[in-house]
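Chemist:
2 protein chains.
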Amino acid sequence: MKVQLPTSSLAAALSHVERIVPARSSNPGLNLVRIDLLGDALRFAGTNLDLDVETTVAADVRGDGALALPAQVFAQVVRALPGDVVDLAVEDGANELSISSGSYATRLQLVDPDAAQAPEFPDAFEGRLSARGLARALGSVRYAAAVAEYQAIFRGVKIEASDQGTRAVATDGFRLAYFDLDEASGLDGSWIVPAKSADEIVRLLDDGEVEIAVGDGRLSLRTDDVRVNVSLMDGSFPDYRRVIPSNFPITITLDADALRDVAQRVAVMADKTANNRVDLFVKDGVLQITAEGAYGRSQEAVEVQQEGSDAEMALAYNAKYLTDALQPLSGALRMRFSGPTTPSLLDDPEMPAYLAMVVPLRTG
Amino acid sequence: MKVQLPTSSLAAALSHVERIVPARSSNPGLNLVRIDLLGDALRFAGTNLDLDVETTVAADVRGDGALALPAQVFAQVVRALPGDVVDLAVEDGANELSISSGSYATRLQLVDPDAAQAPEFPDAFEGRLSARGLARALGSVRYAAAVAEYQAIFRGVKIEASDQGTRAVATDGFRLAYFDLDEASGLDGSWIVPAKSADEIVRLLDDGEVEIAVGDGRLSLRTDDVRVNVSLMDGSFPDYRRVIPSNFPITITLDADALRDVAQRVAVMADKTANNRVDLFVKDGVLQITAEGAYGRSQEAVEVQQEGSDAEMALAYNAKYLTDALQPLSGALRMRFSGPTTPSLLDDPEMPAYLAMVVPLRTG
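Taken in sequence, the protein lines are chains A and B. Per this note's numbering, residue 15 is the first one in the first sequence, and the count goes up by one each step. Per this note's numbering, residue 15 is the first one in the second sequence, and the count goes up by one each step.
1) Under a Cβ-count criterion, where at least 16 other Cβ atoms within 10 Å of its own Cβ denotes burial, should Asp186(A) be classed as buried or exposed?
2) Check whether the region 144-152 of chain B and the region 215-224 of chain B are in contact - that is, three or more C-beta pairs closer than 8 Å.
3) Apply the 10 Å Cβ neighbour rule to Ala339(A) and answer buried if 16 or more other Cβ atoms are within range, or exposed otherwise.
4) Inspect the CB distances between the region 124-134 of chain A and the region 189-204 of chain A and report whether three or more fall short of 8 Å.
5) Examine chain B for any beta-carbon lying closer than 8 Å to the beta-carbon of Ser312(A), and answer yes or no.
6) Contact between the region 315-326 of chain A and the region 260-278 of chain A: three or more CB pairs below 8 Å?
7) Using a cut-off of 8 Å between C-beta atoms, extract the partners of Pro42(A) located in chain B.
8) With distance defined between alpha-carbon atoms, name the residue in Ala209(B), Lys334(B), Val280(B) nearest to Ser245(B).
9) Cβ atoms of Ile258(A) and Gly322(A): under 8 Å apart, would you say?
10) Using C-beta distances below 7 Å, list every residue in its chain close to Ser352(B), excluding the 5 sequence neighbours before and after it, in chain order.
11) Note down the Cα distance separating Gln90(B) from Gly310(B), rounded to an integer number of angstroms.
12) Who pairs with Phe58(B) in a beta bridge, going by DSSP?
13) Expressed to the nearest angstrom, what Euclidean distance is found between the alpha-carbon atoms of Thr70(A) and Ser312(B)?
14) Counting only Cβ-Cβ distances shorter than 7 Å, please list the residues of the region 89-117 of chain A near chain B, keeping chain order.
15) So Arg350(B) is in the beta strand (DSSP E); what residue range does that whole segment cover?
16) Could you have a look at Gln86(B) and say whether DSSP puts it in helix, strand or coil?
17) Note down, in chain order, each residue of its chain lying with its Cβ closer than 7 Å to the Cβ of Leu273(B), except the 5 sequence neighbours on either side.
18) Tell me whether the region 278-298 of chain B and the region 321-337 of chain B touch, counting them as touching only if at least three CB pairs, one residue from each stretch, are closer than 8 Å.
19) What whole-angstrom Cβ distance do Ser115(A) and Thr21(A) have, given they're in contact under 8 Å?
20) How far does the alpha helix (DSSP H) with Ile34(A) in it extend, from its first residue to its last?
21) Give a yes or no on whether 8 Å exceeds the smallest Cβ distance from Leu369(A) to chain B.
22) Can you find a CB in chain A that lies within less than 8 Å of the CB of Leu122(B)?
23) Should Val35(A) and Leu102(A) be called a contact, given that it needs their Cβ atoms to be closer than 8 Å?
24) CB-CB under 7 Å to Thr120(A), same chain, minus the five flanking residues each way: which ones, in chain order?
25) Classify Thr377(A): buried if its beta carbon has 16 or more other beta carbons within 10 angstroms, exposed otherwise.
26) Are any of the Cβ atoms in chain A nearer than 8 Å to that of Tyr309(B)?
27) Quick one: Cα of Glu32(A) to Cα of Tyr254(B), how far?
28) Taking only beta-carbon positions, decide if Met283(B) is within less than 8 Å of chain A.
29) Could you tell me which of Glu197(B), Leu65(B), Leu24(B), Gly170(B) sits nearest to Val100(B), measuring between CA atoms?
30) Shorter than 8 Å from the beta carbon of Asp221(A) to some beta carbon of chain B?
31) Residues of chain B with CB closer than 7 Å to the CB of Arg8(A), please, in chain order.
32) Please list, in chain order, the residues of the region 285-306 of chain A that have any C-beta partner in chain B closer than 7 Å.
33) Where does Pro208(A) fall in DSSP's three states?
34) With burial defined as no fewer than 16 other Cβ atoms inside 10 Å of the residue's Cβ, what is the status of Glu314(B): buried or exposed?
35) Quick check for students: name the residue ranges of the beta strand (DSSP E) that lie wholly in the region 114-165 of chain A, counting only runs of 3 or more.
36) What would DSSP say about Gln341(B), mapped onto helix, strand or coil?
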C-alpha cells in the first residue's frame with residue numbers, strides 16, 4: 015500500500031488518538047493506534063476503555079486493509095517530520111511501515127491490526143447540537159468536578175437534555191457550576207460523563223454540528239471527521255438544585271477581571287495548608303479581600319456597586335475556588351451572598367447561561 | 015524606615031538572590047535575603063554556601079539599618095505587585111515590612127537581620143574582563159560538564175587565565191568543550207568553578223566590565239551592581255590537551271543548523287536505553303545519519319564538503335552529545351574525524367574560539 019497526505023493533517027488526526035491512548039498498558043493492544051485505509055482517507059482509532067476516539071483524514075490512498083502500531087511512537091515521529099507532505103508505504107508481505115518526508119526516512123515496525131480493536135459506533139445518532147456550544151458548556155463547568163480523592167460521582171460532568179435546552183453541570187460538594195446551552199438536542203434525559211472524558215470532548219469539537227447518541231451505557235458523538243464513545247458513569251448525581259440559595263441579603267456588582275487580578279495577588283499570602291483561605295468583607299460599596307499566612311498578611315480593596323447598602327458581610331473562601339469560578343467570566347460580575355456560611359453565587363447578569371456557586375469556608 | 019523604588023527594579027534585583035537561596039534549609043538563616051539600606055540604594059544579599067550573591071539597586075531611602083526575611087516569599091509577593099512603584103516601610107519598633115503598590119498592601123514578618131549573614135567581598139579586584147565575554151565563554155562550554163553522578167571534578171568548569179587570553183573548558187570524560195576569549199584578564203592561573211555556579215554567573219553578567227579577584231578558595235566578581243563569591247573546587251582537572259587529536263583522515267564541512275535539525279529528527283528513533291545512539295557514515299561527500307530502536311529505524315542524508323575524498327568512515331555518537339556540541343554553533347560547521355573510535359572535533363573555521371570534542375560510542 016502507498017499513502018500520501020499533508021504532514022499537518024496526519025499530525026492533527028493522530029494527536030487526538032495519541033492523547034487518549036496510554037503510553038504503556040498491561041493490556042497489550044491498548045497502546046496501539048489502528049489505521050484503516052479507506053478509498054480516499056485514513057481512519058485512526060484508539061481507546062483507553064473509558065473513551066474510544068476515531069478520526070478520519072483525507073489522503074491519497076493506494077491499497078486497502080488495516081495497520082496497527084504504537085500510537086505514541088508514531089505520533090512522535092510524525093511531529094519531527096521535516097516536509098509538508100508525508101509518504102507512507104508498506105511493501106507486500108513486509109512488517110514495517112516506511113515513512114518519508116523531505117530528506118527524512120524512517121521505518122516503524124507494525125503490529126497485527128487485530129491486536130488493536132476497531133471501536134464500534136452506533137448506526138443512528140438521534141440528537142444534535144452545535145459543536146462549539148457543547149464544547150463551551152462542558153468547558154465552562156468542568157473545573158467544578160472533584161479530583162481523584164473524592165466520591166466517584168463527583169468526578170463527573172452531568173449533561174441534562176430536554177426540549178428546553180441543554181445544561182452541563184459539575185460539583186464537588188464545595189462548589190458548583192452550570193452552563194445552559196440554549197439549544198435543544200432532540201434528546202431527553204441526563205447522563206454523567208467522566209470529567210476527563212469531558213476534557214477530551216472539548217478538545218475534539220470544533221466548528222459545525224455534533225450528532226449525539228446514547229445507549230448501552232455510553233454516549234457517542236459524531237462530527238464530520240471524528241467519532242467518540244464515552245463510557246457513562248453509574249450512580250445518582252446530587253440534587254444540586256436544592257442547595258442553590260434564593261435569598262440574598264447583599265448583592266454586589268463589579269468587574270470580573272479586576273476581581274480575578276486582586277484575588278490572585280492577595281492569595282499569594284494565603285496559607286496553603288489552611289484551605290488557601292482568603293477573607294472577604296463587604297461594606298459601604300467596598301469589597302475588601304485579605305489573606306494571612308505564615309509570613310504575613312495581604313489586603314486589597316475594590317469599589318463595588320452594592321445592593322442591600324445598609325448591610326455588611328464577612329466571609330471566607332478557598333482562593334482557588336474563587337478564581338476558578340471567575341474563569342469563564344469577563345466583564346460584569348454579580349456576586350450574591352446568601353450568608354456568611356451559606357453558598358454565594360457568581361454570574362454575569364448579561365450572560366445568565368453560566369452560574370457558579372461557592373460554599374464559604376467555616377471561619378473563626 | 016521608608017523606601018520607594020520601581021517595582022521592576024526591585025523584582026530584578028531580588029530575583030538574582032531568590033534563585034540561589036534554598037527555599038528550605040536545615041540551616042535556618044540560609045533561606046533569607048538580607049536587605050541593607052544605603053543612602054540612595056537597597057542592597058540585597060543571599061548565599062547557598064557555594065555562592066554568595068549581592069545586588070544593589072537605586073531607591074529613594076529614608077532611614078538606615080538592615081532587614082531580613084524569607085527570600086522566596088518576598089520575591090513571590092513582589093512578582094504579584096500591581097503598580098509600577100512599590101513602597102516599603104517598617105514602623106519604628108515593628109517587626110513587619112509593609113509593602114504597598116497600587117491598591118495592594120501586604121505585611122511580611124521580618125527576621126532578625128543578624129540571622130542572615132552579610133557576605134564579605136574582597137577589597138581589591140585585580141583582574142577584569144568584558145562581562146559579555148566571560149558570560150559567553152562559560153555559557154558555551156558549561157553543557158560539557160558532568161551531571162551529579164560523575165566524579166566531582168568533572169562537574170566543574172575550568173577558567174584558565176594568562177596574558178594570552180582567557181579560556182573556559184569543561185569535560186565529562188566523554189566530551190569536551192572550550193571557548194577562548196581573546197581578552198587577558200590581568201590574572202594568571204587557573205580555577206575550577208562548579209558548573210551550577212557558572213550558570214548563575216552567566217545569568218548575572220550583562221553589559222560592561224566585570225572585575226575579578228581570586229583568594230581564600232574562592233573567585234569573586236564585581237560589576238556596577240552585582241558582587242558574587244564562588245567557592246572554587248579542589249582537585250586536579252584532567253589534562254585535556256593530551257586527548258585532543260591532531261590527525262584527521264576525514265574532514266567535512268556542512269551547515270551547523272542543518273545538522274542540528276537532522277540529528278534531532280533522526281534521534282527520535284534512537285534507543286534511549288542504549289546510549290541514545292545515532293550512527294554516522296561519511297562517504298563520497300554525503301553524511302548519512304541513522305538511528306535504530308525498539309520500534310524501527312530512521313535515516314537521513316546531508317550533502318557535505320569532504321576532504322579526504324577517497325576515504326570513508328562509520329562511527330556512532332550519543333545523539334544528545336552531538337546536538338549539545340552544536341548548540342553554540344551556527345553557520346559553517348567543520349567536523350574532523352580522527353577515527354571510528356577516537357575523538358571527533360567540531361568547530362567553525364571562521365570562529366575558532368569554540369571547540370567541541372565528542373568521543374564516539376564503541377560499536378559492534
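Ideal Cβ positions, reconstructed from N, Cα and C, are used throughout, including at glycine.
Modeler: Well, looking at it:
1) buried
2) yes
3) buried
4) no
5) yes
6) yes
7) Here the premise fails: no neighbours, minimum Cβ distance about 14 Å.
8) Ala209(B)
9) no
10) Pro259, Asn261, Phe262, Ser358
11) 47 Å
12) Ile49(B), Thr69(B)
13) 26 Å
14) Gln90, Val91, Ala94, Pro96, Glu110, Ser117
15) 346-351
16) helix
17) Val316, Leu340, Leu347
18) yes
19) 6 Å
20) 21-34
21) no
22) yes
23) no
24) Val91, Ile113
25) exposed
26) yes
27) 46 Å
28) yes
29) Leu24(B)
30) no
31) This structure leaves residue 8(A) out entirely; chain A is present only between 15 and 378.
32) none
33) strand
34) buried
35) 118-123, 141-144
36) coil
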